[in-house]
Amino acid sequence: MKARQAEVVAERTFDGVDSIHGVAFDGQAVWFAHGAGGDLLSAEPETGRVLRRLKAPAQAGVAFDGSHLWVVGGGKIRKIDPGTGAAVGEVPGFDATLVSGLAWADGALYAGVYRQKKILKIDPERGTVLRTLVSDRFVTGVTWADGDLWHGVMPDDEGAPSELRRVDAQRGEVLDRLALPEGVRVSGVEADASGRLWCGDPATGKLRAVRKPRTAA
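Just so you know, my numbering puts 191 at position 4 of the sequence shown, and the rest follows in order with no gaps.
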(Lines of atoms letter the chains of each structure in order from A and count residues from 1; the text may use other names and numbers.)
(Lines give C-alpha, C1' and ligand atoms only; values in the text may rest on other atoms or scores of the structure.)
Protein backbone atom coordinates (compact mmCIF):
# COMPACT_ATOMS: atom_id res chain seq x y z
CA MET A 1 0.00 0.00 0.00
CA LYS A 2 1.39 3.37 -1.04
CA ALA A 3 1.51 6.11 1.60
CA ARG A 4 -0.42 9.34 1.13
CA GLN A 5 1.03 12.66 2.17
CA ALA A 6 -0.07 13.72 5.65
CA GLU A 7 -1.81 17.10 5.90
CA VAL A 8 -0.24 19.03 8.79
CA VAL A 9 -2.82 21.59 9.96
CA ALA A 10 -1.18 22.98 13.11
CA GLU A 11 2.22 23.22 14.75
CA ARG A 12 2.95 24.24 18.35
CA THR A 13 6.16 25.01 20.23
CA PHE A 14 6.63 25.41 23.98
CA ASP A 15 9.19 27.36 26.00
CA GLY A 16 11.83 25.08 27.45
CA VAL A 17 10.54 21.98 25.65
CA ASP A 18 13.03 20.43 23.24
CA SER A 19 11.69 16.88 23.08
CA ILE A 20 8.25 15.24 23.28
CA HIS A 21 7.83 11.54 24.10
CA GLY A 22 4.15 10.76 24.53
CA VAL A 23 0.85 12.56 23.84
CA ALA A 24 -2.69 12.21 25.25
CA PHE A 25 -5.99 14.12 25.02
CA ASP A 26 -8.37 14.47 27.97
CA GLY A 27 -11.29 15.92 26.03
CA GLN A 28 -10.14 19.52 26.40
CA ALA A 29 -6.36 19.69 26.73
CA VAL A 30 -3.47 17.91 25.06
CA TRP A 31 -1.03 16.30 27.52
CA PHE A 32 2.53 15.40 26.62
CA ALA A 33 5.69 14.08 28.22
CA HIS A 34 8.78 16.25 28.04
CA GLY A 35 11.10 13.29 27.72
CA ALA A 36 14.33 15.03 28.69
CA GLY A 37 12.97 16.50 31.91
CA GLY A 38 10.40 13.90 32.86
CA ASP A 39 7.76 16.64 33.10
CA LEU A 40 4.11 16.18 32.16
CA LEU A 41 2.51 19.22 30.51
CA SER A 42 -1.01 20.06 29.34
CA ALA A 43 -1.80 22.70 26.73
CA GLU A 44 -4.74 24.20 24.88
CA PRO A 45 -4.71 22.58 21.44
CA GLU A 46 -5.96 25.69 19.63
CA THR A 47 -3.50 28.19 21.10
CA GLY A 48 -0.65 26.09 22.48
CA ARG A 49 -0.94 27.86 25.84
CA VAL A 50 0.50 25.69 28.61
CA LEU A 51 -2.14 25.05 31.27
CA ARG A 52 -0.27 22.83 33.68
CA ARG A 53 3.24 21.49 34.23
CA LEU A 54 3.60 18.53 36.60
CA LYS A 55 6.59 16.66 37.92
CA ALA A 56 5.80 13.05 37.05
CA PRO A 57 7.74 9.96 35.92
CA ALA A 58 6.71 10.51 32.29
CA GLN A 59 9.47 9.71 29.83
CA ALA A 60 7.66 7.96 26.99
CA GLY A 61 4.00 7.10 26.31
CA VAL A 62 1.02 8.94 27.82
CA ALA A 63 -2.64 7.81 27.80
CA PHE A 64 -5.90 9.07 29.36
CA ASP A 65 -8.57 6.67 30.63
CA GLY A 66 -11.31 9.21 31.30
CA SER A 67 -10.15 10.19 34.77
CA HIS A 68 -6.45 9.40 35.14
CA LEU A 69 -3.32 9.60 33.02
CA TRP A 70 -1.09 6.59 32.39
CA VAL A 71 2.59 7.28 31.75
CA VAL A 72 5.70 5.29 30.92
CA GLY A 73 8.90 5.93 32.85
CA GLY A 74 11.61 4.03 34.67
CA GLY A 75 10.55 0.74 33.13
CA LYS A 76 7.02 0.97 34.55
CA ILE A 77 3.55 2.08 33.44
CA ARG A 78 2.07 4.23 36.19
CA LYS A 79 -1.40 5.63 36.81
CA ILE A 80 -1.17 9.38 37.50
CA ASP A 81 -3.51 11.87 39.18
CA PRO A 82 -3.78 14.67 36.57
CA GLY A 83 -4.36 17.23 39.31
CA THR A 84 -1.19 16.57 41.29
CA GLY A 85 1.09 14.38 39.17
CA ALA A 86 1.19 11.80 41.97
CA ALA A 87 1.32 8.11 41.05
CA VAL A 88 -1.77 6.30 42.35
CA GLY A 89 -1.08 2.89 40.85
CA GLU A 90 0.92 0.95 38.29
CA VAL A 91 0.61 -2.01 35.94
CA PRO A 92 1.97 -4.98 37.93
CA GLY A 93 4.69 -7.27 36.64
CA PHE A 94 5.06 -5.62 33.25
CA ASP A 95 8.49 -4.48 32.03
CA ALA A 96 7.90 -1.22 30.14
CA THR A 97 11.57 -0.46 29.49
CA LEU A 98 11.13 -0.68 25.70
CA VAL A 99 7.65 0.88 25.53
CA SER A 100 7.52 3.96 23.29
CA GLY A 101 3.80 4.75 23.07
CA LEU A 102 0.60 4.25 25.03
CA ALA A 103 -3.15 4.39 24.43
CA TRP A 104 -6.31 3.45 26.36
CA ALA A 105 -9.43 1.80 24.96
CA ASP A 106 -12.23 -0.27 26.50
CA GLY A 107 -10.44 -0.92 29.77
CA ALA A 108 -7.13 -1.95 28.21
CA LEU A 109 -3.79 -0.30 27.50
CA TYR A 110 -2.14 -0.49 24.10
CA ALA A 111 1.64 -0.16 24.20
CA GLY A 112 3.93 0.47 21.26
CA VAL A 113 7.22 -1.39 21.68
CA TYR A 114 9.74 0.46 19.55
CA ARG A 115 12.62 -1.91 18.82
CA GLN A 116 10.44 -5.02 18.84
CA LYS A 117 8.14 -3.47 16.19
CA LYS A 118 5.05 -4.50 18.13
CA ILE A 119 1.86 -3.19 19.70
CA LEU A 120 0.74 -5.00 22.85
CA LYS A 121 -2.76 -5.00 24.32
CA ILE A 122 -2.29 -5.13 28.10
CA ASP A 123 -4.59 -5.84 31.02
CA PRO A 124 -3.79 -2.92 33.36
CA GLU A 125 -4.96 -4.82 36.45
CA ARG A 126 -2.84 -7.93 35.93
CA GLY A 127 -0.08 -6.81 33.57
CA THR A 128 -0.79 -9.68 31.18
CA VAL A 129 -0.49 -9.32 27.41
CA LEU A 130 -3.87 -9.98 25.79
CA ARG A 131 -2.86 -9.50 22.15
CA THR A 132 0.27 -8.84 20.10
CA LEU A 133 0.29 -6.97 16.78
CA VAL A 134 3.45 -7.04 14.65
CA SER A 135 4.70 -4.20 12.42
CA ASP A 136 7.50 -4.01 9.85
CA ARG A 137 8.72 -0.64 11.20
CA PHE A 138 9.80 0.77 14.57
CA VAL A 139 6.57 1.60 16.45
CA THR A 140 6.27 4.87 18.39
CA GLY A 141 3.00 6.49 19.55
CA VAL A 142 -0.33 4.65 19.61
CA THR A 143 -3.89 6.03 19.62
CA TRP A 144 -7.51 5.14 18.99
CA ALA A 145 -9.58 7.43 16.76
CA ASP A 146 -13.26 6.78 16.00
CA GLY A 147 -12.80 3.07 16.60
CA ASP A 148 -9.61 2.82 14.55
CA LEU A 149 -6.14 1.99 15.86
CA TRP A 150 -3.36 4.30 14.65
CA HIS A 151 0.35 4.34 15.40
CA GLY A 152 3.47 6.22 14.42
CA VAL A 153 6.65 4.87 12.82
CA MET A 154 10.10 6.42 12.60
CA PRO A 155 12.18 6.90 9.42
CA ASP A 156 13.99 3.70 8.41
CA ASP A 157 17.49 3.00 7.15
CA GLU A 158 16.30 2.96 3.53
CA GLY A 159 15.16 6.57 3.76
CA ALA A 160 11.42 5.99 4.19
CA PRO A 161 9.89 8.89 6.16
CA SER A 162 8.02 8.87 9.45
CA GLU A 163 4.43 7.74 9.01
CA LEU A 164 1.09 7.53 10.73
CA ARG A 165 -0.55 4.16 10.11
CA ARG A 166 -4.07 2.88 10.61
CA VAL A 167 -4.03 -0.84 11.34
CA ASP A 168 -6.48 -3.66 11.92
CA ALA A 169 -6.72 -3.96 15.70
CA GLN A 170 -7.16 -7.74 15.54
CA ARG A 171 -4.47 -8.73 13.02
CA GLY A 172 -2.19 -5.71 12.66
CA GLU A 173 -2.75 -5.41 8.90
CA VAL A 174 -1.95 -1.91 7.60
CA LEU A 175 -5.12 -0.20 6.32
CA ASP A 176 -3.84 3.33 5.66
CA ARG A 177 -0.50 5.16 5.60
CA LEU A 178 0.18 8.89 5.96
CA ALA A 179 3.74 10.00 5.21
CA LEU A 180 4.95 12.93 7.30
CA PRO A 181 7.11 15.68 5.76
CA GLU A 182 10.78 14.91 5.22
CA GLY A 183 12.84 15.38 8.36
CA VAL A 184 9.84 15.21 10.72
CA ARG A 185 10.04 12.58 13.45
CA VAL A 186 7.10 11.28 15.45
CA SER A 187 7.00 9.96 19.00
CA GLY A 188 3.65 10.25 20.78
CA VAL A 189 0.42 10.17 18.76
CA GLU A 190 -3.06 11.06 20.01
CA ALA A 191 -6.43 11.77 18.40
CA ASP A 192 -8.57 14.68 19.58
CA ALA A 193 -12.31 15.29 19.22
CA SER A 194 -11.88 17.47 16.12
CA GLY A 195 -10.55 14.93 13.64
CA ARG A 196 -6.86 15.59 14.23
CA LEU A 197 -3.95 13.36 15.16
CA TRP A 198 -1.47 15.17 17.42
CA CYS A 199 2.13 14.07 16.94
CA GLY A 200 5.03 14.80 19.28
CA ASP A 201 8.49 15.35 17.81
CA PRO A 202 11.30 13.86 19.92
CA ALA A 203 13.98 15.83 18.08
CA THR A 204 12.54 19.37 18.16
CA GLY A 205 9.89 19.45 20.90
CA LYS A 206 7.23 20.51 18.40
CA LEU A 207 3.66 19.27 18.59
CA ARG A 208 1.98 18.92 15.19
CA ALA A 209 -1.62 18.16 14.27
CA VAL A 210 -2.37 16.04 11.20
CA ARG A 211 -5.84 15.93 9.70
CA LYS A 212 -7.26 12.43 10.11
CA PRO A 213 -8.66 11.09 6.83
CA ARG A 214 -12.24 9.98 6.73
CA THR A 215 -12.71 6.24 6.63
CA ALA A 216 -15.45 4.27 4.98
CA ALA A 217 -18.41 3.39 7.17
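Don't be surprised by glycine CBs; every beta carbon is placed ideally from N, CA and C. Nothing here was measured: the structure is a model prediction, and the numbers come from that model.
Reducing DSSP to helix, strand and coil, say where Asp-202 ends up.
To locate residue 202, count along the sequence shown from 1; it is residue 15. In this structure, Asp-202 counts as coil in the three-state DSSP scheme.
Quick check on DSSP: helix, strand or coil for Arg-302?
Mapped onto the sequence shown, residue 302 falls at position 115. Coil.
Between the region 285–295 and the region 234–243, are three or more C-beta pairs nearer than 8 angstroms?
The region 285–295 vs the region 234–243: no contact.
Compare the Cα-Cα distances from His-221 to each of Gln-215, Val-210, Glu-231, Gly-214 and report the closest residue.
Locating residue 221 in the sequence shown gives position 34, counting from the first residue. Of the listed residues, the one whose Cα sits closest to His-221 is Val-210.
Name the residue from Leu-307, Glu-194, Val-258, Asp-323 whose alpha carbon lies nearest to the alpha carbon of Glu-345.
In the sequence shown, the residue the question calls residue 345 occupies position 158. Of the listed residues, the one whose Cα sits closest to Glu-345 is Asp-323.
Using the beta-carbon count (16 or more within 10 Å), is Lys-399 buried or exposed?
Numbered from its first residue, the sequence shown carries residue 399 at position 212. Flag for Lys-399 reads buried.
List the whole-angstrom C-beta distance separating Asp-363 from Arg-352, where the pair is believed to meet the contact cut-off of C-beta under 8 angstroms.
The count along the sequence shown starts at 1 and reaches residue 363 at position 176. The count along the sequence shown starts at 1 and reaches residue 352 at position 165. Contact holds; Cβ gap of about 7 angstroms.
Could you give the distance in angstroms between the alpha-carbon of Ile-309 and the alpha-carbon of Ala-283?
In the sequence shown, counting from the first residue as 1, residue 309 sits at position 122. In the sequence shown, counting from the first residue as 1, residue 283 sits at position 96. Approximately 11 angstroms, taken between the alpha carbons.
I'd like the list of long-range same chain contacts for Gly-382, defined as Cβ closer than 6 angstroms, with 5 residues on each side in sequence excluded.
Position 195 of the sequence shown, counted from the start, is the residue given in the question as residue 382. Taken in chain order, the residues that qualify are Lys-399.
Check Phe-219 in the structure and name its three-state DSSP category.
Locating residue 219 in the sequence shown gives position 32, where the first residue counts as 1. Strand.
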